[in-house]
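Residue numbers (our numbering): 8 to 240.
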């Protein structure tokens with residue numbers, strides 16, 4: 008598959024859709040480790056959107072000028088309803104460059120119970136222009152969630168930079184019986200305006216079990232006075 012370059016911020020780079028009650032799609036692989044395998048996506052709302060698929064790999068790709076004016080549709084990589092699969096989101100660069108409007112999620116994985124999830128070595132950046140235009144930062148860099156608590160083999164580690172989001176990494180309803188990992192991530196929360204009134208958090212773990220967060224760096228950059236924010240909850 009190759010990247011898409013729509014001329015307006017209304018498109019999706021790649022959309023893969025399965026159906027309930029029938030076998031999932033074949034494995035989906037976008038990009039690769041070789042330079043000539045990289046896909047570049049530019050000027051769109053969604054980079055990769057996958058629903059009801061069998062095994063997803065998104066590797067070494069670049070998504071630039073990702074944006075949505077309402078912060079409700081801008082998604083770098085979205086994988087939904089992929090149960091019992093292997094999902095690898097590795098070595099990608101997701102950003103909106105210098106745009107004044109941002110995106111909601113860098114990587115969002117929803118209802119992936121029983122799957123093996125590897126989100127590693129990515130760089131996910133909101134622009135400085137977005138941070139300066141809003142009193143609150145918005146969005147989540149990496150989000151993994153199930154509708155109800157269910158196990159996921161979880162590895163979120165070595166992500167180079169996640170910057171200018173309300174939440175850096177968040178997981179919800181990961182009901183593991185074996186260890187899941189959020190390790191060696193670098194999360195930067197900027198504070199360019201007045202005091203935040205809403206919670207901002209480096210790493211959020213909600214209604215989940217057996218999640219180990221270790222050797223992460225959560226950095227607060229502030230030129231303003233105001234309430235402190237939470238680094239881990």
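Just so you know, even glycine gets a beta-carbon here, dropped at the ideal spot from N, CA and C. Here the structure is a predicted model, which means the values were calculated and not measured.
Counterpart residues of residue i in DSSP-defined beta bridges
i	result
residue 21	55
residue 179	152 and 213
residue 97	66 and 127
residue 187	218
residue 103	BP columns for residue 103 are empty, so no partner.
Reduced DSSP category for residue i - H, G, I as helix; E, B as strand; rest coil
i	result
residue 136	helix
residue 72	strand
residue 157	strand
residue 60	coil
residue 41	coil
residue 168	strand
residue 34	coil
residue 27	coil
residue 108	coil
residue 49	strand
residue 91	coil
residue 225	strand
residue 118	coil
residue 192	coil
residue 247	Because the chain here runs from 8 to 240, residue 247 falls outside it and cannot be looked at.
residue 9	Since pLDDT at residue 9 reaches only 34, below the 50 mark, its modelled position is unreliable, and no value is offered.
Residue i versus residue j - alpha carbon distance
i	j	result
residue 98	residue 123	17 angstroms
residue 3	residue 72	There is no way to answer for residue 3, as the model of the chain reaches only from 8 to 240.
residue 59	residue 26	6 angstroms
residue 149	residue 229	22 angstroms
residue 222	residue 209	13 angstroms
residue 197	residue 158	33 angstroms
residue 9	residue 175	Note that residue 9 scores 34 on pLDDT, short of 50, meaning its location in the model is unreliable; the coordinates nonetheless yield the value given after this. Taking the straight line joining both Cα atoms gives about 29 angstroms.
Own chain, CB closer than 6 angstroms to residue i, minus 5 neighbours either side, in chain order
i	result
residue 213	179
residue 242	Nothing can be reported for residue 242: it is not among the residues displayed for the chain, which extend from 8 to 240.
residue 226	195
residue 34	61 and 62
residue 215	178 and 181
Within 7 angstroms, strictly: CB atoms of residue i and residue j
i	j	result
residue 80	residue 52	yes
residue 55	residue 84	yes
residue 94	residue 63	yes
residue 103	residue 129	no
residue 46	residue 57	no
residue 110	residue 136	no
Close beta carbons around residue i, own chain, < 8 angstroms, minus the five adjacent residues each side
i	result
residue 107	134, 136, 137 and 140
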